[in-house]
Each structure stands twice: as structure tokens, then as C-alpha cells.
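Residue numbers (the numbering used here): 78 to 218. Cβ coordinates follow ideal geometry from the N, Cα and C atoms, glycine included. Read through the structure below, which is laid out as C-alpha cells, and then see the notes.
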């Protein structure tokens with residue numbers, strides 16, 4: 078992986094961690110100190126040393142990138158925004174095809190129970206229908 082791709086991946090992971098770590102705050106006499114939780118996709122919570130080992134960076138680099146994320150300076154465009162057009166609309170067929178392929182390879186079969194009710198001769202009948210669907214795990218969406 079190139080240095081730019083590695084940096085982008087690390088900053089994206091740290092930005093995700095900053096959104097998750099809001100719950101672990103400690104109050105001090107000088108103010109609130111936000112505790113930082115480190116997470117890796119498909120792994121979960123890890124320690125700072127493990128994050129350094131995965132991304133092959135030093136302690137100072139993680140601190141510098143965390144400060145960039147905190148200041149909101151992590152979304153700078155590397156290519157000068159040449160030819161970058163915002164999406165006017167979502168390409169639904171391509172998106173559907175992508176998720177269909179993803180579900181076929183990584184999806185789990187889950188039984189889903191549907192409940193419906195009918196009124197037959199002034200009495201209410203509750204019926205259940207169970208079908209098996211292939212669904213993605215929550216970390217894919």
C-alpha cells in the first residue's frame with residue numbers, strides 16, 4: 078500500500094474512532110477529557126499499540142493525525158478537485174448490483190417472521206409466515 082493510501086486509511090479509521098469514542102468521557106477539574114477508543118473494521122475494539130502495529134506508524138504520528146481529525150483537517154482533496162463532480166443522483170441499478178453481489182458472497186441466511194391478521198366471520202385471526210432471507214451483517218452497512 079502506498080504512503081498516501083496508508084495515511085488516508087489511518088485518518089479514516091481515526092475519524093470513525095472519534096465518532097464512536099464520545100461515550101467514554103471523563104470529567105476533570107479543568108474540564109471534560111474525551112477518552113479515545115480505537116476500533117478496526119471487522120475486528121472491533123483494539124488498544125493503541127495494536128493500531129500502531131496495524132498501520133505501521135509511531136505514537137507521535139497517531140497523535141498528529143488525531144489532532145488533524147479533531148480540527149477537521151482530514152478531508153483535504155489530494156487531487157485538487159479537478160474533474161470531481163458531486164453526485165447528481167444515485168445510480169440505483171449499479172448500487173443494487175453491488176449489494177446483490179456482496180450479499181451473495183458475505184450474507185448470512187436469517188429466518189424472518191412476518192405477522193399479519195385477517196378478519197374472518199367477525200373474528201380476528203393472527204397468522205405467521207416465516208421466510209429465510211440472506212442478509213448482510215451490520216458492519217457492512
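Reduced DSSP secondary structure (H/G/I, E/B, other) of residue i
| i | result |
| --- | --- |
| residue 115 | strand |
| residue 214 | coil |
| residue 133 | coil |
| residue 125 | helix |
| residue 120 | coil |
| residue 181 | helix |
| residue 200 | strand |
| residue 169 | helix |
| residue 209 | strand |
Candidates the options, of which the one nearest residue i by Cα
| i | options | result |
| --- | --- | --- |
| residue 194 | 120, 204 and 132 | 204 |
| residue 192 | 208, 169 and 95 | 208 |
| residue 87 | 138, 214 and 201 | 138 |
| residue 80 | 114, 95 and 134 | 134 |
| residue 187 | 201, 174 and 210 | 210 |
| residue 185 | 213, 201 and 174 | 213 |
| residue 217 | 197, 176 and 123 | 176 |
| residue 89 | 206, 123 and 145 | 145 |
| residue 132 | 148, 173, 85 and 150 | 85 |
| residue 221 | 196, 206 and 198 | Residue 221 lies beyond the range of the chain shown here (78 to 218); nothing can be said about it. |
8 angstroms Cβ cutoff met for residue i and residue j
| i | j | result |
| --- | --- | --- |
| residue 94 | residue 114 | yes |
| residue 91 | residue 143 | yes |
Hey, is the stretch 168–187 in contact with the stretch 111–131, meaning 3+ C-beta pairs nearer than 8 angstroms? no
Kindly confirm or deny that the stretch 117–125 and the stretch 168–176 touch, where touching means at least three C-beta pairs closer than 8 angstroms. no
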